[in-house]
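J.:
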Amino acid sequence: SDIAFQPPLGHAPNGIGMSDMIDAIIGSFFQISTLFKRLDADGSYLREMQSDFAINNLLALISDAVANNDEKCIELRKSFEKFSYLWELDIASEFDKLCEESIVITEHGTKVVDYDKFDEEIRKCDEIQAEVAKIQCAIDIGWLRVNTTPVKRELSLLASNRRELFISHMRCSVTKTISDLYDFIETKAQGLNKIDDEIQQSQDNLMEVMSVIRDVRLKIDSVPELIAPQKRCVQILRRHGVDILDDIVLAAGQNLQDCLEGAPMAWEALEKKTFKKKEDILPMQMMSANVLKNEINEFDNSIKEFRG
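Taking our numbering, the leading residue of the sequence shown gets 1168, the next gets one more, and so forth.
1. Output the boundary residues of the beta strand (DSSP E) element that contains Asn1181.
2. In terms of residue numbering, what span does the beta strand (DSSP E) encompassing Asp1307 cover?
3. Could you give the DSSP three-state label for Leu1311: helix, strand or coil?
4. Shortest alpha-carbon distance to Lys1444 belongs to which of Leu1359, Gly1309, Gly1177 and Ser1218?
5. Assuming Ile1295 and Phe1333 make a contact with CB atoms under 8 Å, what is their CB distance in whole Å?
6. Once the 5 residues before and after Asn1181 are set aside, which same chain residues still bring their CB inside 7 Å of it?
7. Considering only DSSP beta bridges, list what Ile1272 is partnered with.
8. What would DSSP say about Ile1193, mapped onto helix, strand or coil?
9. Going along the chain, which residues of its own chain have a beta-carbon closer than 7 Å to the beta-carbon of Arg1214, five neighbours each way excluded?
10. For the pair the region 1378-1397 and the region 1340-1351, tell me if three or more CB-CB distances fall below 8 Å.
11. List the whole-angstrom C-beta distance separating Lys1355 from Val1379, where the pair is believed to meet the contact cut-off of C-beta under 8 Å.
12. Per DSSP, Gln1421 forms a beta bridge with which residues?
13. Here's the rule: buried if 16 or more other CB atoms are within 10 angstroms of the residue's CB, otherwise exposed. What is Lys1264?
14. Taking all protein chains shown into account, decide if Glu1365 is buried (16 or more other Cβ within 10 angstroms of its Cβ) or exposed.
15. Relative to the alpha-carbon of Arg1338, which residue among Arg1320, Gly1408, Glu1375 and Asp1219 has its alpha-carbon at the smallest distance?
16. For the alpha helix (DSSP H) containing His1336, list its first residue and its last residue.
17. On the CB-based measure, 16 or more other CB atoms within 10 Å of its CB, does Arg1563 come out buried or exposed?
18. Quick one: Cα of Leu1385 to Cα of Ala1433, how far?
19. Is the CB-CB distance between Lys1284 and Ser1260 below 8 Å?
20. Could you give the DSSP three-state label for Val1409: helix, strand or coil?
21. Compute the Euclidean distance between the alpha carbons of Gln1368 and Gln1357, then round it to the nearest angstrom.
22. Go ahead and label Leu1393 buried or exposed: buried means 16 or more other beta carbons lie within 10 angstroms of its beta carbon, across all protein chains shown.
23. Just checking Leu1423 against the ligand GTP - is the residue's beta carbon closer than 7 Å to any of the ligand's heavy atoms?
24. To the nearest angstrom, how far is it from the Cα of Lys1460 to the Cα of Met1377?
25. Which same chain residues end up closer than 8 Å to Lys1239 when comparing Cβ atoms and leaving out the 5 residues on each side of it in sequence?
26. How about the region 1210-1229 and the region 1240-1247: do they share at least three Cβ pairs that are nearer than 8 Å?
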């Protein structure tokens, strides 16, 4: 789609252009000359009207005025076309591109979102809406009055939709990141509880606890790097009039504010529990290693006996 005048400038195939309307008005004036019969012969005075110097001079002035008005109308349209990327670019592709460009890899290899890039895009949308709002709803160009309300409304709606898309993504991103973190903490905490007497009766439980310890150790450096960007996102959204601190994080059963405040302590508690559990299972690991060593020796002996 594009910005267009209604009725269109110049002549239109269906005869509804501005020039067509002006020609029709002028033609109606000439039509008056056909209402009077000539006194010297049959016919009307239309030919004399069309060849009259004074009338032709006025027609030339009208033509120049129309052309001048058309140029000014085109300039007005160009002032709106600087926002053409709002409807020309594919918003889905642009959004995917922004999401890719906003991913930052930290020194510990953690993928975090640079929410400042989304902040910049939201600011652009706000600036567009503010600039469009300042444009007069009715602009007089020569003898024409142009109603800009429809194009203003559409531009503001396009900018608003882009703004809402970015804000919605940021909101979901923060909630999901914190929810995944609490889900990880809860899952791994439950996994560490599979020790006590049950683990002594099952080698599988020991291996499961060891895998939990491994998973926690792999995230020791990355998890603290996740929390700061989420707090930054909340600050950006609040600056744009969107408060998400009361949003519920399902994995934690708390609102986002409590989760952000409690996340560092919850992670620290999991770390301590992990290191404590690592010390607790050390004797069992040694015992399991000895059992495995004995099984290997027995297997070697059986092979030797088989070979004679």
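Cβ atoms here follow ideal geometry from the backbone N, Cα and C, with glycine treated the same way. All values reported here derive from a predicted model rather than from experimental measurement.
T.: Looking at the atomic coordinates:
1. Careful: Asn1181 lies outside any beta strand (DSSP E) and carries neither H nor E.
2. From DSSP, the beta strand (DSSP E) with Asp1307 extends over Ala1305 to Ile1308.
3. DSSP, reduced to helix, strand and coil, places Leu1311 within a strand of the structure shown.
4. Of the listed residues, the one whose Cα sits closest to Lys1444 is Leu1359.
5. The Cβ separation is near 13 Å, so there is no contact.
6. Around Asn1181: no qualifying Cβ.
7. Per DSSP, Lys1278.
8. Helix at Ile1193.
9. Cβ within range, chain order: n/a, list empty.
10. The answer is yes - the region 1340-1351 touches the region 1378-1397, with three or more Cβ pairs under 8 Å.
11. Lys1355 to Val1379, Cβ: 5 Å. Contact.
12. DSSP output for Gln1421 lists Val1416 as bridge partner(s).
13. By the 10 Å Cβ count, Lys1264 comes out exposed.
14. Because the pLDDT at Glu1365 is just 49, under 50, the model does not fix this residue reliably, and the point stays unresolved.
15. Comparing alpha-carbon positions, the option among Arg1320, Gly1408, Glu1375 and Asp1219 lying closest to Arg1338 turns out to be Gly1408.
16. Counting along the chain, the alpha helix (DSSP H) containing His1336 begins and ends at Thr1316 to Leu1359.
17. The chain is shown only over 1168 to 1475; residue 1563 falls outside these bounds and no answer can be derived.
18. Roughly 17 Å between the two C-alpha positions.
19. Taking 8 Å as the Cβ cut-off, Lys1284 and Ser1260 do not qualify as a contacting pair.
20. Correct three-state label for Val1409: coil.
21. Because Gln1368 sits at a pLDDT of 48, beneath the cut-off of 50, its placement in the model cannot be relied upon, and the point is left open.
22. The residue is buried, with at least 16 neighbouring Cβ atoms inside 10 Å.
23. This structure lacks the ligand GTP, and indeed carries no ligand of any kind.
24. Their Cα atoms are separated by approximately 19 Å.
25. Cβ-Cβ distances below 8 Å link Lys1239 to Ile1308 and Gly1309 in the same chain, with the five nearest sequence neighbours on each side left out; the list follows chain order.
26. These segments do not touch.
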